[in-house]
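First residue of the sequence shown: 100, per our numbering; consecutive thereafter.
For each residue, glycine too, the CB sits at the ideal point set by N, CA and C.
Encoded as structure tokens, the structure appears first; notes follow it.
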Amino acid sequence: MPELGEVAHAAKLLSTNLKGKTITKFLTDAEDTLVFPSLSPQERSQIETAFVSRKIAEVGRHGKYFWMVLSGGWQSDKKKKIAGGYAVMLMHFGMTGWLTIRNVHTHFFPMERSRNGKKPDNYDEMAANEPWPPKYHKFLLSTDDGVEVAFTDPRRLGRVRFLEVLNTEAETIEQVETELMKLEPLVRMGPDFSKVESRWSRDEFLEVLAKRKVPIKSLLLDQAVCAGVGNWMADEILFQSRIHPEQYTNTVSLKKKQVLYKSLCEVCEVAVETEGDTDKLPKSWLMIHRWSKRQKKGERPVTADGYIVDFVTVGGRTSCFVPEVQKMDTASDNDCESPSKASREAKAKTQDENEVRTSRKRRKTK
Numbered sequence: 100m101p102e103l104g105e106v107a108h109a110a111k112l113l114s115t116n117l118k119g120k121t122i123t124k125f126l127t128d129a130e131d132t133l134v135f136p137s138l139s140p141q142e143r144s145q146i147e148t149a150f151v152s153r154k155i156a157e158v159g160r161h162g163k164y165f166w167m168v169l170s171g172g173w174q175s176d177k178k179k180k181i182a183g184g185y186a187v188m189l190m191h192f193g194m195t196g197w198l199t200i201r202n203v204h205t206h207f208f209p210m211e212r213s214r215n216g217k218k219p220d221n222y223d224e225m226a227a228n229e230p231w232p233p234k235y236h237k238f239l240l241s242t243d244d245g246v247e248v249a250f251t252d253p254r255r256l257g258r259v260r261f262l263e264v265l266n267t268e269a270e271t272i273e274q275v276e277t278e279l280m281k282l283e284p285l286v287r288m289g290p291d292f293s294k295v296e297s298r299w300s301r302d303e304f305l306e307v308l309a310k311r312k313v314p315i316k317s318l319l320l321d322q323a324v325c326a327g328v329g330n331w332m333a334d335e336i337l338f339q340s341r342i343h344p345e346q347y348t349n350t351v352s353l354k355k356k357q358v359l360y361k362s363l364c365e366v367c368e369v370a371v372e373t374e375g376d377t378d379k380l381p382k383s384w385l386m387i388h389r390w391s392k393r394q395k396k397g398e399r400p401v402t403a404d405g406y407i408v409d410f411v412t413v414g415g416r417t418s419c420f421v422p423e424v425q426k427m428d429t430a431s432d433n434d435c436e437s438p439s440k441a442s443r444e445a446k447a448k449t450q451d452e453n454e455v456r457t458s459r460k461r462r463k464t465k
């Protein structure tokens, strides 16, 4: 499933190729009620014409969701149309969804298809030679300068919703997106930890941990806690934190929780900075090796640092980890200090946040 980095890549592709342009053609498989769940029967018959001549004002993202803000609101009853409103096309890839822009290269490759953790040498050539429109497309969009976009989804687990921001006081795009976050399903999403300005502080994160008693891997996958974090990112965060994926949240020591917060922020930031491109991820990361589970039976992948990689099922999901450094912690209750005490440690909080900023600056200067 595309996660935070891959969604950032898709949003960047849309922003680069579509922002500021006008839609001239919009064709959909609108009768597919799974992919297009928000449309009424009347809207399904009108949606293709409703978006023609709309300008793409902005492209945004949050967690695994991304969207295009279109100038002018829309409703099936034109008499109810509110001047100055904004229509929003909200998208989620699900397990197998993706965006294809005709004649535009993308580094994206569904790693689930890989048997050795690498993209096939001829994959880019094969992708470039695929016919247009691509197979399994759910909508086709064209702009006034000839750009063509397709949303594809073989398993029909992706979602495309059409929303409208009706608050006429929302004059700027930033205000429109603030209003958008109040609507379903975005209102149920937790913070996107790649966004420095809106993510929880360390103490807020510790308070959330204190209220839960679940395997730490399951908590990271909860989109109401960590929007955008999926299977490979959760494994990476826990590897960087040296925490076993089956460790329960209430048994993790305060020191490891602090490291966990730092790793969560850094992995999310790097995933977005690299747009999920595995060739640009740090070579010491676990992610490149987790897909090697499909190697010959008896062989186990080894990281760049020589760690043997193993797999365990947590909450029905396959988890990749390194047993040598990610051991189950048997810390006593005394080791697991209360978040209330942590919340009073303002100095430690500042130091931790400074470390995150310093790490981010180092990456930018490399």
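- Should ASP291 go down as buried or exposed, given a rule of 16 or more other Cβ atoms within 10 Å for buried? ASP291 comes out buried.
- Item | Same chain, Cβ closer than 8 Å to LYS312, five either side skipped, listed in chain order | Answer for LYS312: TYR347, THR348 and ASN349, listed in chain order.
- Cutoff 7 Å; reference PHE338; Cβ partners in own chain excluding five residues on either side: The beta carbon of PHE338 lies closer than 7 Å to those of LEU385, PHE420, VAL421 and GLN425 in the same chain, with the five residues before and after it left out.
- Message: Considering only DSSP beta bridges, list what MET190 is partnered with.
- Response: Paired residues: PHE165 and VAL259.
- So is THR127 buried or exposed if we call it buried at 16+ other beta carbons inside 10 Å? Answer is buried; the Cβ neighbour count reaches 16.
- Pick helix, strand or coil for SER418, following the three-state DSSP scheme. Strand, per DSSP.
- Message: Beta-carbon within less than 6 Å of MET280's beta-carbon, same chain only, minus the 5 sequence neighbours each way: which residues are those?
- Response: Result list for MET280: empty, nothing under 6 Å.
- Task: Label HIS161 either buried or exposed according to how many other C-beta atoms from any shown protein chain fall within 10 Å of its C-beta, with 16 as the threshold for buried.
- Result: Only buried fits HIS161, as 16 or more other CB atoms lie within 10 angstroms of its CB.
- Would you say the segment 354-361 touches the segment 294-308, given that touching needs at least three Cβ pairs under 8 Å? The segment 354-361, when compared against the segment 294-308, does touch it at the 8 Å Cβ threshold.
- In this structure, what does DSSP give as the bridge partners for TYR185? Per DSSP, SER170 and VAL264.
- How should ALA249 be labelled, buried or exposed, when 16 other C-beta atoms within 10 angstroms of its C-beta is the threshold for buried? Counting C-beta atoms within 10 angstroms of its own C-beta, ALA249 has 16 or more neighbours from the protein chains shown and is therefore classed as buried.
- Item | Residue burial classification, THR417 (beta-carbon count within 10 angstroms, cutoff 16) | Counting Cβ neighbours within 10 Å, THR417 comes out exposed, since fewer than 16 surround it.
- Where does the unbroken alpha helix (DSSP H) through LEU112 begin, and where does it stop? Annotation for LEU112: the continuous alpha helix (DSSP H) segment containing it runs 103-117.
- Query: Between GLY196, ASN228, ILE387 and VAL264, which lies nearest to LEU169 when the distance is taken from Cα to Cα?
  - Reply: Cα-wise, what sits closest to LEU169 is VAL264.
- Message: So, at 7 Å on beta carbons, what are the nonlocal neighbours of GLY289 in its own chain, with the 5 sequence-adjacent residues on each side left out?
- Response: Correct list, in chain order: GLN322, ALA323, VAL324, CYS325 and ALA326.
- Query: Which stretch, first to last residue, makes up the beta strand (DSSP E) that contains SER241?
  - Reply: Start and end: 236-242.
- For PRO230, which three-state DSSP category applies? Note: PRO230 maps to coil in three-state DSSP.
- For VAL328 versus ILE342, is the C-beta spacing smaller than 8 Å? No. Outside cutoff.
- Item | Status (buried if at least 16 other CB within 10 Å, exposed otherwise) for SER293 | So SER293 counts as buried.
- Task: Compute the Euclidean distance between the alpha carbons of ARG260 and LEU117, then round it to the nearest angstrom.
- Result: The straight-line gap separating the alpha-carbon atoms of ARG260 and LEU117 is approximately 19 Å.
- When burial is assigned at 16 or more other CB atoms within 10 Å of the CB, is ALA149 buried or exposed? Looking at its Cβ environment, which holds 16 or more other Cβ atoms inside 10 Å, ALA149 is buried.
- Item | Pair within 8 Å by beta-carbon distance, ALA109 and LEU240 | No, the pair does not count as a contact, with Cβ atoms beyond the cut-off.
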